[in-house]
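Below is one structure, written out as structure tokens; the observations come after it.
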Amino acid sequence: MFVRAPEAGRVKTRLAAEVGAEAALRVYVRLAEHALAEARAAGAAVRVHFTPAGAEAAVRGWLGGPADYLPQAEGDLGERLERAFAEAFAAGFRRVVVIGSDLPELSAEVLRRAAVLLDGYAAVLGPARDGGYYLLGLRAPLPEVFRGIPWSTDAVLARTLDRLRAAGIEPALLETLGDVDEAADLPPGWREWATG
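For the sequence shown, our numbering assigns the number 196 to the last residue and increments by one with no breaks.
Okay, here's the thing in structure tokens:
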């Protein structure tokens, strides 16, 4: 799971432009805690990749254990994802699933299904409504999947599928879920809760 240390004005900046930095922080904290709780409920060995690099104590104090806490690699999202997968496989994991931290609809069942699908597929993707993905699972390192992707655009999923297929891999696809980037993405009642 990828997270940023919870600081007002440094998380969910597009949402903050609409609802304010403190409200965006409350939403971010709630979403990240939800994602972590669902990962733990799924029985996953959790690795939290945090940024900035010096924030381990703050992030560990916030999210607690059990989990491994690792600083995110430098570079764009693709470079950070590539490194997270490489480190997990080097640590002996045979199936690795990376999720974001802003998914109100994420459930332990979705995560368990991703793990089961990796028994029969080399890759699994969870498409996001905005054209990206909320989950990527792999059975082996595949660095080319992260290169040349226009991150933070609605073309991320399509380009990732192209990269996987170019490598001879047809991934399993999970249901489409929404992440939270803007106020319109918030579940019913969350805007009022966050700004109240």
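Note that beta-carbon positions come from the ideal geometry of N, C-alpha and C, so glycine has one too.
Going by beta carbons, residue 194 and residue 23 fall inside the 7 Å limit. Per DSSP, the beta bridge partners of residue 69 are 48.
One alpha carbon belongs to residue 155, the other to residue 164, and they sit about 14 Å apart. The three-state secondary structure of residue 133, taken from DSSP, is strand. Scanning its chain for C-beta atoms nearer than 7 Å, with the 5 sequence neighbours on each side dropped, one finds around residue 141 the residues 85, 86 and 89, in chain order. For residue 29, the closest of 117, 132 and 3 by C-alpha to C-alpha distance is 3. Linking residue 104 to residue 179 through their CA atoms gives a straight-line distance of about 7 Å. About 4 Å separates the beta carbons of residue 42 and residue 111, which is inside the 8 Å limit, making them a contact pair.
For residue 96, the closest C-alpha among the options 78, 79 and 119 is that of 119.
Residue 125 carries a strand assignment under DSSP once its states are collapsed to helix, strand and coil.
In the three-state DSSP reduction, residue 91 falls in the coil class, being neither helix nor strand.
Secondary structure in the segment 2–58: the beta strand (DSSP E) runs of 3 residues or longer, each lying completely within the stretch, are 2–4 and 47–51 in chain order. Under DSSP, residue 99 takes part in a beta bridge, and its partners are 135.
If the five residues before and after residue 173 are omitted, its C-beta is found closer than 7 Å to the C-beta atoms of 125 and 127, all from its own chain and listed in chain order. The Cβ atoms of residue 69 and residue 46 lie no closer than 7 Å to each other.
Per the DSSP secondary-structure output, residue 172 pairs in a beta bridge with 124.
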